[in-house]
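S.K.: Handing you a structure now.
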Amino acid sequence: MITIKSQREIELMAKAGHIVALVFEGLKDKIRPGLSTQDIADIAEKIIRDNGAYPTFLNYSGYPGAVCVSINEELVHGIPSKHRILREGDIVSVDVGATLNGYVGDACRTYPVGICSPNALRLIKVTEESFFEGVKHARPGARLGDISHAIQEYCEKNGYSLPREYTGHGIGSHLHEDPYIPNYGVAGTGPVLKEGMCLAIEPMVAEGHFAVRVLKDGWTAKMKDGKLSSHYENTIVITKDGYEILTK
Ligand code: MF3
Ligand code: CO
């Protein structure tokens, strides 16, 4: 069942979402070669806690990190480690959840580390753009498949592929609520969107083939072909005539 949030709940979601945005603001100028993925998680966790929130992912289904930090061919759920060091030319995605007063904000950004190849920068850009192509369709009366389809079409048109195992999701007092939001699909299908639905839309995009495998750590999802992947996510709410981003 997809829940409809009240005005009060949406305000609380926006407060949680704002803290997630503050993390990206704080990380923006700090990402550089030599930093460990644990350093990134520490910076993120401090901002989350300094703002009175809790890092949602910590202990979620046993996940051991405060945020997810995934480098290059790692698609999602990279576990922060002081032994994983960023190198010039890497791309790193930082997936952040913050829980405040019982409501959750969830978003992700992918950053270049130092000077990156044009290919890597294009992947990051297309991934972000695909989010906005998708949410162009976010309004009451539209179908969820309209969003999924637009993300898929835009990424594939640019020569990229969409992993199937990981999706966006409804969000609210829980990190993961109904519905699943695949990054591929058929327009005109799926649940009808209604004002007050809160959705985490998160294109995860692969430079090569979409096949993924999960490492022995039980979490880190990597592209099987070892090619780059990128991730961009925001939490949104469906409004009277469109949508609003809550992780801002
Ligand atoms: N943004 C991711 C998601 O929505 C992050 C979850 S990490 C987890 O699934 F550890 F909490 F699972
Ligand atoms: Co999410």
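FYI, the numbering for the sequence shown is 806 to 1053, going by the numbering used here.
The beta carbon of each residue, even a glycine, is placed where N, CA and C say it ideally should be.
Only a predicted model underlies this, so the values are computations on that prediction, with no experimental measurement involved.
1. Cβ-heavy atom distance between D911 and the ligand CO below 6 Å?
2. Is the closest heavy atom of the ligand CO to the C-beta of E1007 under 6 Å?
3. So the candidates are A1011, K1027, G1001, R1018; which of them puts its Cα closest to the Cα of E814?
4. G907 and F862 - do their beta-carbons sit closer together than 7 Å?
5. Apart from the five residues just before and just after Q957, which ones in its own chain have a Cβ nearer than 8 Å to its Cβ?
6. Express the C-alpha separation of G1047 and K887 in angstroms, rounding to a whole number.
7. Nearest CA to the CA of V881: which residue from K999, G973, H942?
8. Which of the three DSSP states, helix, strand or coil, is assigned to R837?
9. Is the beta carbon of G894 closer than 7 Å to that of G822?
10. Is the region 973-985 touching the region 925-934 in the sense that three or more CB pairs, one from each, lie closer than 8 Å?
11. Which of the three DSSP states is assigned to H1036 in this structure?
12. So within the region 876-959, which uninterrupted alpha helix (DSSP H) runs reach at least 4 residues, ignoring any that extend past its ends?
13. Give the C-beta separation of C1003 and T1040 to the nearest angstrom, bearing in mind that I take them to be a contact with Cβ-Cβ under 8 Å.
14. Just the Cα atoms here: how many angstroms apart are L949 and I809?
15. Run through DSSP, which three-state label would L1004 get?
16. Starting from A1026, follow its DSSP beta bridges and name the residues at the other end.
17. Suppose only complete runs of 4+ residues qualify. What are the alpha helix (DSSP H) ranges in the region 836-868, listed by chain order?
18. For H834, does the count of other Cβ atoms within 10 angstroms reach 16, so buried, or fall short, so exposed?
19. According to DSSP, which residues form a beta bridge with D1050?
20. Give the DSSP-derived three-state secondary structure of I976 in the structure shown.
21. Please state if the CB of Y965 and the CB of P1008 are separated by a distance shorter than 7 Å.
22. Taking its Cβ as the centre, do 16 or more other Cβ atoms sit within 10 Å of M1028, making it buried, or is it exposed?
23. Of all the options K1032, D1030, S1034, G1023, which has the alpha carbon lying nearest to the alpha carbon of P869?
24. Taking the C-alpha atoms as reference points, what is the distance between F1015 and V931?
25. So, for Y859: in the same chain, excluding its five sequence neighbours on each side, which residues have a beta-carbon less than 6 Å away from its beta-carbon?
M.R.: Here's the rundown:
1. Counting from one through the sequence shown, the residue named residue 911 turns up at place 106. D911 Cβ: within cutoff of the ligand CO.
2. Against the sequence shown, residue 1007 aligns to sequence position 202. Because some heavy atom of the ligand CO lies under 6 Å away, the Cβ of E1007 counts as near it: yes.
3. Position 9 of the sequence shown, counted from the first residue, corresponds to residue 814. Nearest option by C-alpha distance: G1001.
4. Residue 862 sits at position 57 when you count from the first residue of the sequence shown. Residue 907 sits at position 102 when you count from the first residue of the sequence shown. It is not a contact, given that the beta carbons lie outside the stated cut-off.
5. For the purposes of this step, residue 957 is taken as residue 152 along the sequence shown, with counting starting at 1. These residues qualify, in order along the chain: L967, N988, Y989, G990.
6. If you number the sequence shown from 1, residue 887 lands on position 82. If you number the sequence shown from 1, residue 1047 lands on position 242. K887 and G1047: Cα-Cα distance of roughly 42 Å.
7. Translated into the one-based positions of the sequence shown, residue 881 becomes position 76. Selection K999, G973, H942 evaluated against V881 yields G973 as nearest (Cα-Cα).
8. Here residue 837 refers to the residue found at position 32 of the sequence shown. Coil, per DSSP.
9. For this step, residue 822 is matched to residue 17 along the sequence shown. For this step, residue 894 is matched to residue 89 along the sequence shown. Cβ distance not < 7 Å, so G822 and G894 don't count as in contact.
10. no
11. Numbered from 1 along the sequence shown, position 231 holds the residue referred to as residue 1036. Reduced to three states, the DSSP call for H1036 is strand.
12. Taking only runs of at least 4 residues, the alpha helix (DSSP H) segments lying wholly in the region 876-959 are 923-940.
13. The residue you call residue 1003 lines up with position 198 of the sequence shown. The residue you call residue 1040 lines up with position 235 of the sequence shown. About 6 Å separates the two Cβ atoms, so the contact holds.
14. Working through the sequence shown from its first residue, we reach residue 949 at position 144. Working through the sequence shown from its first residue, we reach residue 809 at position 4. Straight-line Cα distance between these residues: approximately 15 Å.
15. Against the sequence shown, residue 1004 aligns to sequence position 199. In the structure shown, L1004 sits in a strand (DSSP, three-state: E or B).
16. Sequence index remark: in the sequence shown, residue 1026 carries index 221 (1-based). DSSP lists V881, V1019 as partners of A1026.
17. Whole alpha helix (DSSP H) segments, 4+ residues: 842-855.
18. Position 29 of the sequence shown, counted from the first residue, corresponds to residue 834. Looking at the sequence itself, residue 834 is Asp, so the reference to His does not match. Exposed.
19. The count along the sequence shown starts at 1 and reaches residue 1050 at position 245. As written in the sequence, residue 1050 is Ile, which differs from the Asp given in the question. Per DSSP, I1041.
20. In the sequence shown, residue 976 corresponds to position 171, counting from 1. If DSSP states are grouped into helix, strand and coil, I976 belongs with coil.
21. Here residue 1008 refers to the residue found at position 203 when the sequence shown is read from its first residue. Here residue 965 refers to the residue found at position 160 when the sequence shown is read from its first residue. Judged by their CB atoms, P1008 and Y965 are not nearer to each other than the 7 Å cut-off.
22. Here residue 1028 corresponds to residue number 223 of the sequence shown, with the count starting at 1. With 16 or more Cβ atoms within 10 Å of its Cβ, M1028 is classed as buried.
23. Numbered from 1 along the sequence shown, position 64 holds the residue referred to as residue 869. For P869, the nearest C-alpha among the options comes from G1023.
24. Along the sequence shown, read from residue 1 onward, the residue named residue 1015 stands at position 210. Along the sequence shown, read from residue 1 onward, the residue named residue 931 stands at position 126. F1015 and V931: Cα-Cα distance of roughly 16 Å.
25. Looking up residue 859 in the sequence shown gives position 54. Closer than 6 Å at the Cβ level, and outside the excluded window around Y859, lie T904.
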